[in-house]
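Here the structure is laid out as structure tokens; the discussion comes afterwards.
Residue numbers (full-length UniProt numbering): 1 to 156.
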């Protein structure tokens with residue numbers, strides 16, 4: 001079984017990509033049917049996180065689902081896999097994500113979100129089948145809402 005700590009490491013891997021200068025990469029965590037937590041990782045143009053119901057381009061995004069357990073990015077991860085190793089896995093299968101860009105508003109927002117989630121070892125949710133259009137993100141199991149991500153700045 002995949003733990004929330006492991007799922008948060010996936011999100012933290014995107015923070016590592018940001019630290020490496022690839023700040024154009026975004027995340028879209030959500031619940032899909034039948035209740036599986038999912039995560040899409042993609043460059044900003046591959047995710048529309050400003051829409052009433054966020055969406056992504058499946059041709060551009062790298063998707064993960066808890067249904068696949070520890071399968072991710074053409075490999076596997078586990079409790080001992082670090083966010084740095086996960087970031088390396090992402091770039092290995094999606095080298096096009098390794099484009100230098102600056103988006104400090106988003107990178108700060110994501111770092112704050114991951115920190116908030118780590119406090120309770122809970123995962124973020126952008127939407128699920130019962131979400132209100134344009135509503136805030138939530139932190140699972142806590143009743144806590146979290147502000148939506150800032151728009152992409154597109155500064156390279």
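For every residue, glycine included, the Cβ atom is placed at its ideal position computed from N, Cα and C.
Since this is a predicted model, take the numbers as computed values, not measurements.
Is residue j closer than 9 Å to residue i when the C-beta atoms are compared?
i, j, result
"residue 44", "residue 146", "no"
"residue 123", "residue 7", "yes"
"residue 30", "residue 58", "no"
"residue 92", "residue 73", "yes"
"residue 87", "residue 16", "yes"
"residue 85", "residue 97", "no"
"residue 12", "residue 114", "yes"
"residue 116", "residue 144", "yes"
"residue 137", "residue 119", "no"
"residue 9", "residue 104", "no"
"residue 129", "residue 33", "yes"
Less than 7 Å between C-beta atoms, sequence neighbours within five positions excluded: which residues of the same chain meet that for residue i?
i, result
"residue 140", "122, 123 and 125"
"residue 94", "62"
"residue 134", "52"
"residue 69", "2"
"residue 111", "15"
Per DSSP, which residues does residue i bridge with? Please list them.
i, result
"residue 30", "38 and 127"
"residue 144", "139"
"residue 16", "In DSSP, residue 16 forms no bridge with anything."
"residue 83", "According to DSSP, which records beta bridges pairwise, residue 83 is partnered with nothing at all."
"residue 25", "43"
Check the Cβ-Cβ distances between residue i and every residue of chain D, and say whether any is below 9 Å.
i, result
"residue 148", "The structure shown has no chain D; it contains just one protein chain."
In chain order, what residues of the same chain have a beta carbon less than 8 Å from the beta carbon of residue i, not counting five sequence neighbours either side?
i, result
"residue 79", "3, 5 and 6"
"residue 37", "7, 29, 30, 31, 65, 66, 123, 125 and 140"
"residue 99", "22, 24, 43 and 156"
For residue i, I'd like the list of residues in its chain whose CB is within less than 6 Å of its CB, leaving aside the five on either flank, ordered along the chain.
i, result
"residue 151", "50"
"residue 89", "73 and 75"
"residue 153", "103"
**Message:** Could you tell me which whole alpha helix (DSSP H) segments of length 4 or greater appear in the segment 85-133?
**Reply:** Within the segment 85-133, the complete alpha helix (DSSP H) runs of at least 4 residues are 104-120.
**Message:** In chain order, what are the residue ranges of uninterrupted beta strand (DSSP E) at least 3 long that sit wholly in the segment 48-79?
**Reply:** 62-65
**Prompt:** With a cut-off of 8 Å, do at least 3 Cβ pairs link the segment 35-51 to the segment 20-27?
**Reply:** yes
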